[in-house]
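In my numbering, the protein residues as written are 45 to 430. Heads up, the thing below is written out as structure tokens.
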Ligand SMILES: *Cc1c(COP(=O)(O)O)cnc(C)c1O
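Shown next, in the form of structure tokens:
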């Protein structure tokens with residue numbers, strides 16, 4: 045059976061070059077990077093090289109990159125770290141309703157500990173209005189955290205405008221760029237962010253490693269205490285193999301990024317247009333253009349996204365519903381609900397997310413299989429009137 049992986053916003057396949065970059069640190073280069081001897085020094089050099097690769101892709105200084113265990117830790121670190129460092133100045137945080145759980149649950153944790161959090165709404169296409177950000181700022185605001193690209197719809201937020209407002213008002217600004225870094229070109233300085241989260245496994249790197257960009261001079265409190273690793277920002281012996289993998293993944297992503305954006309957008313548009321031509325009553329979720337080039341989220345009227353996903357899986361095609369399962373019951377996506385999409389339509393949504401290794405043949409295979417499944421499921425649906 046053909047196997048087609050269209051769930052690249054969940055995770056991506058490790059690039060062969062990344063694996064090659066990692067292997068030495070599981071073999072002969074096992075030294076502790078904090079050791080002074082040759083075994084340690086070699087690993088230290090590799091970590092510093094990886095730091096430069098990450099910084100280069102971001103347009104940052106290597107000294108502004110802190111390695112973490114992934115996007116979740118980077119988000120927790122940024123939000124709790126700023127909250128703890130700035131609580132004497134104020135206890136108000138501004139975020140949005142469509143953030144990743146790593147951001148939403150960090151904010152909720154702080155809310156339970158005396159911080160105030162404003163959750164900004166989004167419009168029907170999943171975008172935050174920068175004007176709402178300005179209006180939400182009060183005397184106690186210490187942090188604005190708004191994601192760059194949404195993982196479910198791919199919608200790209202007006203980050204530059206929000207960053208400008210934050211800068212003008214002198215408020216610390218964090219953005220979760222886990223889905224955008226290495227997928228769309230940007231320079232962190234243009235975004236106006238003090239802090240930015242990224243993760244390796246969303247860009248063909250390994251799982252369990254990421255980084256937090258920390259602009260020089262930003263106040264932050266460490267979360268992990270121990271040795272003097274990462275210049276005292278994050279204790280713990282470095283994940284040398286993972287860090288080398290992240291560095292290589294960033295280097296690969298930087299190579300020909302504008303061309304890869306074009307290629308992915310063309311593949312995604314082929315899928316989107318094919319679906320619109322072959323299947324009736326399909327609705328796009330998210331912004332048609334202000335969107336990651338690899339993401340397509342749409343609702344198929346009268347069928348459950350979950351059934352569609354399982355039936356596609358039986359044909360070797362991996363997609364996602366973008367909704368989280370809570371204790372056996374399927375909750376509709378908080379992102380789509382926040383966009384004002386009715387619950388039934390949320391439940392009928394499916395996310396296709398493409399990556400470096402997808403081909404035209406795979407898209408065409410999907411376009412062959414999908415209409416058949418939709419037809420079959422609709423015939424069984426009480427909602428479908430034909
Ligand atoms: C995947 C993801 C995360 C979490 O990153 P991990 O490295 O898996 O912890 C955070 N934010 C967004 C937007 C993501 O897509």
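Cβ atoms here follow ideal geometry from the backbone N, Cα and C, with glycine treated the same way. Only a predicted model underlies this, so the values are computations on that prediction, with no experimental measurement involved.
Out of curiosity, what's the CA-to-CA distance linking residue i and residue j?
i	j	result
residue 166	residue 308	26 Å
residue 125	residue 66	30 Å
residue 176	residue 154	22 Å
residue 372	residue 127	For residue 372, the predicted structure reports a pLDDT of 46, less than 50, and the residue's modelled location is therefore unreliable. A value from the coordinates is still provided. Spanning the two alpha carbons is a distance of roughly 34 Å.
residue 292	residue 46	29 Å
residue 328	residue 268	42 Å
residue 106	residue 409	43 Å
residue 413	residue 300	32 Å
residue 219	residue 320	33 Å
residue 188	residue 195	19 Å
residue 312	residue 132	48 Å
residue 137	residue 217	10 Å
residue 68	residue 211	43 Å
residue 207	residue 234	9 Å
residue 426	residue 353	19 Å
residue 415	residue 330	22 Å
residue 298	residue 93	15 Å
residue 258	residue 239	5 Å
residue 79	residue 85	7 Å
residue 30	residue 304	Coverage of the chain is limited to positions 45 through 430, which leaves residue 30 absent and any answer about it impossible.
residue 290	residue 249	6 Å
Flag residue i as yes when its Cβ comes closer than 7 Å to any non-hydrogen atom of ligand 1, and as no otherwise.
i	result
residue 104	no
residue 383	no
residue 195	yes
residue 218	no
residue 119	yes
residue 115	yes
residue 191	yes
residue 48	no
residue 246	yes
residue 269	no
residue 53	yes
residue 144	yes
residue 286	no
residue 254	yes
residue 150	no
residue 243	yes
With a Cβ-Cβ cutoff of 8 Å, do residue i and residue j count as a contact?
i	j	result
residue 242	residue 222	yes
residue 50	residue 404	no
residue 341	residue 366	yes
residue 315	residue 396	yes
residue 139	residue 163	yes
residue 417	residue 356	yes
residue 193	residue 336	yes
residue 118	residue 236	no
residue 247	residue 226	yes
residue 147	residue 123	yes
residue 343	residue 377	no
residue 158	residue 383	no
residue 197	residue 339	yes
residue 91	residue 359	no
residue 381	residue 232	no
If you drop the 5 nearest sequence neighbours on each side, which residues of the same chain put their C-beta closer than 8 Å to that of residue i?
i	result
residue 251	55, 114, 244, 245
residue 60	none
residue 81	75
Cutting at 7 Å between CB atoms, please list the residues of its own chain near residue i, excluding the five before and the five after it.
i	result
residue 370	Below a pLDDT of 50, predicted positions are generally treated as unreliable, and residue 370, at 43, falls in that range; no measurement from the model is reported.
residue 129	263, 264, 265
residue 121	112, 256, 267
residue 422	346, 347, 428
residue 209	174, 177, 178
residue 279	268, 269, 270, 271, 273
residue 401	57
Take residue i and list the residues in its own chain whose beta-carbon comes closer than 6 Å to its own, dropping the five residues that flank it on each side.
i	result
residue 143	191
residue 87	73, 75, 77, 284
residue 213	181
residue 161	137, 151, 155
residue 325	345
For residue i, list the residues DSSP reports as bridge partners.
i	result
residue 364	395
residue 341	395
residue 166	According to DSSP, which records beta bridges pairwise, residue 166 is partnered with nothing at all.
residue 193	200
residue 327	343
residue 48	361
residue 109	257
residue 161	137
Let me check you understand the geometry: is the CB of residue i closer than 7 Å to at least one non-hydrogen atom of ligand 2?
i	result
residue 223	What this structure holds is ligand 1, not ligand 2.
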